[in-house]
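*Asks:* Quick note on the working numbering: the sequence shown kicks off at 1466 and runs consecutively.
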Amino acid sequence: MLDCPHAHGPALLRTVYQRAFAVDDVPSLLRYGRWLPRGRALATFARSTVYQSTGLAAHLGLANLWIAFSGWWPQRGATLETTTFKELEAYAVLGRLARDEQRTLVISSAGNTAAAFARAATELDAPVLIVIPGDAWERLAALVRIGPSVRVVAVDGGQYEDAIALARGLAEEDGYVLEGGVRNVGRRDGMGTAMLEAVEAMGTLPDAYFQGVGSGAGALAAHEAALRLIADGRFGTRLPRLMLSQNAPFTPIHDAWVGRSATLDERSPLVAREQVRRIAASVLSNVAPPYATIGGVRDALAESGGTTYAIANAEVRAAMRMFEDLEGMDVEPAAGVTLASLVRAVRAGEIGPRERILVHVTGGGARRREPVRVEQRPTYVVARDTQGAFPALTELLSA
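Right under this line is the structure:
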């Protein structure tokens, strides 16, 4: 289920669990299994880690800075082999599937989600069809040895929005089902385990939460996890302020929030494509994030008293170098967007030196991973101007 069956405006579903936060003695995200939508048995060692910063904290003059690191850093306990937090959502989504589900799950991705689902589905032998922009293939093939249960369609010359459109068409065919992106509660609850890790480590909710966003699913995941923790009653009564950042010049969420717009601002497809082409963090390129949806990004920003930032590429690169110099680990450009917004907030006096700050580094450690050296190719490559041929493509993939 991705949508409410009753007639009303667009809204996100939320899961309802037992009220008390409880942790199981499992060395993975499944330690939070009582707050995950599980439909079938699942086994994984994938997990984020949360630690209190010393180097970056001292540099910024923050006494209580915590890092949620979702990547590959096994020395600290982060074991996401595709090096980003998307693995958290991949295992949660696949674990949500009913035991008797036979259809192939169709997923669209700008890159990181593709790698995460390809790895998880290969490990679990789950049938998955992944649609990506053509330029995302090289990174995917270097990160994951793709098993026979996974098929990949690359849109030659396409961007993320093209992958989304093609995936929607394919999912309408018999034997296929759309994964749903941010509308899938498995995604949000899986990513929300980073906030649960943080509260387990800190003993309380943070005052502010920093993350770079494309769709905003990760920020919504943190917000919803915080709502559940407040309902528990042991970890604080105030929502963490959502401090969300986007990579300029492609900043639809930031533009709408700063302009106090009820909906996303209109921008032509040509303008959007050109802006996306110019950003360093290409994974933050969702052209239709759930901003105005009930329970979406606008609501979460308003409820938490949050703010947004537009971060230039030069700031992204500087923040990436800063983190590696001070904390000792390479990070992804999307995490660089997050870290640059933290620097901006400190300089502007928007966070206090003694506030409890949680920064979600949503990807890192790629340079510590050995690349896959087996030659791999997409199952199928389709040109962007031939997306209308969904039935023929499905027949080919089913052959």
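Glycine included, every Cβ here is placed at the ideal spot set by N, Cα and C.
#1: Which of the three DSSP states is assigned to residue 1598 in this structure?
#2: Assign residue 1583 to one of three DSSP states: helix, strand, or coil.
#3: List in chain order: all unbroken alpha helix (DSSP H) runs of 4+ residues lying wholly within the segment 1630-1704.
#4: In angstroms with no decimal places, state the Cα-to-Cα distance between residue 1856 and residue 1640.
#5: Is residue 1710 helix, strand or coil by DSSP?
#6: When we look at the beta-carbon of residue 1733 and count the other beta-carbons within 10 Å, is it buried (16 or more) or exposed?
#7: Using the C-alpha atoms, what's the distance from residue 1613 back to residue 1585?
#8: Among residues of its own chain, excluding the 5 on either side of residue 1589, which ones have a beta-carbon nearer than 7 Å to its beta-carbon?
#9: Under the rule that 16 or more other beta-carbon atoms within 10 Å means buried, what is residue 1471, buried or exposed?
#10: Which whole-angstrom value is the C-beta distance of residue 1704 and residue 1768, which I expect to be below 8 Å?
#11: Could you tell me the boundaries of the beta strand (DSSP E) in which residue 1722 lies?
#12: Is the CB-CB distance between residue 1676 and residue 1668 below 8 Å?
#13: For the candidate residues 1557, 1760, 1719 and 1510, whose alpha-carbon lies nearest to that of residue 1478?
#14: Using the Cα positions of residue 1728 and residue 1753, report the straight-line distance between them to the nearest angstrom.
#15: Leaving out five residues on either side along the sequence, give the residues of the same chain with a beta carbon under 6 Å from the beta carbon of residue 1501.
#16: Between residue 1844 and residue 1625, what straight-line distance do the alpha-carbon atoms span, to the nearest angstrom?
*Replies:* Judging by the given coordinates:
#1: Translated into positions along the sequence shown, residue 1598 becomes position 133. It is a strand residue.
#2: The residue you call residue 1583 lines up with position 118 of the sequence shown. Annotated three-state conformation of residue 1583 is helix, per DSSP.
#3: For the segment 1630-1704, whole alpha helix (DSSP H) runs of length 4 or above, ordered along the chain, are 1650-1656, 1658-1667 and 1682-1697.
#4: Taking the first residue of the sequence shown as position 1, residue 1856 is located at position 391. Taking the first residue of the sequence shown as position 1, residue 1640 is located at position 175. Because residue 1856 sits at a pLDDT of 47, beneath the cut-off of 50, its placement in the model cannot be relied upon, and the point is left open.
#5: To locate residue 1710, count along the sequence shown from 1; it is residue 245. Three-state DSSP puts residue 1710 in a strand.
#6: For the purposes of this step, residue 1733 is taken as the residue at position 268 of the sequence shown. Residue 1733 is exposed by the Cβ-count criterion.
#7: The residue you call residue 1585 lines up with position 120 of the sequence shown. The residue you call residue 1613 lines up with position 148 of the sequence shown. Distance between the alpha carbons of residue 1585 and residue 1613: 12 Å.
#8: Here residue 1589 is taken as the residue at index 124 of the sequence shown, counted from 1. Excluding residues within five positions, the ones whose Cβ falls inside 7 Å are 1559.
#9: Within the sequence shown, the letter at position 6 stands for residue 1471. Its Cβ having fewer than 16 others within 10 Å, residue 1471 is exposed.
#10: Walking along the sequence shown from the start, residue 1704 turns up at place 239. Walking along the sequence shown from the start, residue 1768 turns up at place 303. Contact holds; Cβ gap of about 6 Å.
#11: As a working mapping, residue 1722 is identified with position 257 in the sequence shown. Here residue 1722 belongs to no beta strand (DSSP E); instead the alpha helix (DSSP H) covers 1717-1723.
#12: Position 211 of the sequence shown holds residue 1676. Position 203 of the sequence shown holds residue 1668. No, these two residues do not count as a Cβ contact at 8 Å.
#13: The count along the sequence shown starts at 1 and reaches residue 1478 at position 13. The shortest C-alpha separation from residue 1478 is found at 1760.
#14: Your numbering for residue 1728 matches position 263 in the sequence shown. Your numbering for residue 1753 matches position 288 in the sequence shown. The alpha-carbon atoms of residue 1728 and residue 1753 are separated by roughly 11 Å.
#15: On the sequence shown, position 36 is the one that residue 1501 refers to. Excluding residues within five positions, the ones whose Cβ falls inside 6 Å are 1557 and 1654.
#16: Here residue 1844 refers to the residue found at position 379 of the sequence shown. Here residue 1625 refers to the residue found at position 160 of the sequence shown. Computed Cα separation, rounded: 18 Å.
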